[in-house]
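Residue numbers (the UniProt record's numbering): 1 to 103.
Think of the CB as a built atom: it goes at the ideal place given N, C-alpha and C, for glycine as much as any other residue.
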């Protein structure tokens with residue numbers, strides 16, 4: 001039994017390098033590293049935080065991390081108090097009694 005060299009393959013080598021894969025010999029772009037470090041951790045990019053929770057913003061329909069789940073943290077403009085007032089008004093209609101006849 002003959003062992004092949006680990007780099008040998010049944011498939012022929014590709015004609016040109018894939019544009020989707022970065023070149024291994026190219027050094028990392030220092031400008032991109034600085035730009036990524038300077039970007040703030042904001043609600044526009046909820047995936048950048050560590051852990052995610054199942055909190056969906058009522059206005060934006062985006063899942064946020066544990067820190068940005070509160071409306072004031074991701075600068076949400078949705079009126080939660082107004083939504084609550086409407087729900088209470090629908091559930092509890094105003095009931096007026098008829099006036100009593102004077103004797």
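Span separating the alpha-carbon of residue 81 from that of residue 98: 32 Å
Residue 98: CB within 8 Å of a non-hydrogen atom of the ligand MN: As far as ligands go, the structure on display features none, and thus does not contain the ligand MN.
Rounded C-alpha distance that separates residue 89 from residue 101: 30 Å
Alpha-carbon spacing of residue 78 relative to residue 103, whole angstroms: 53 Å
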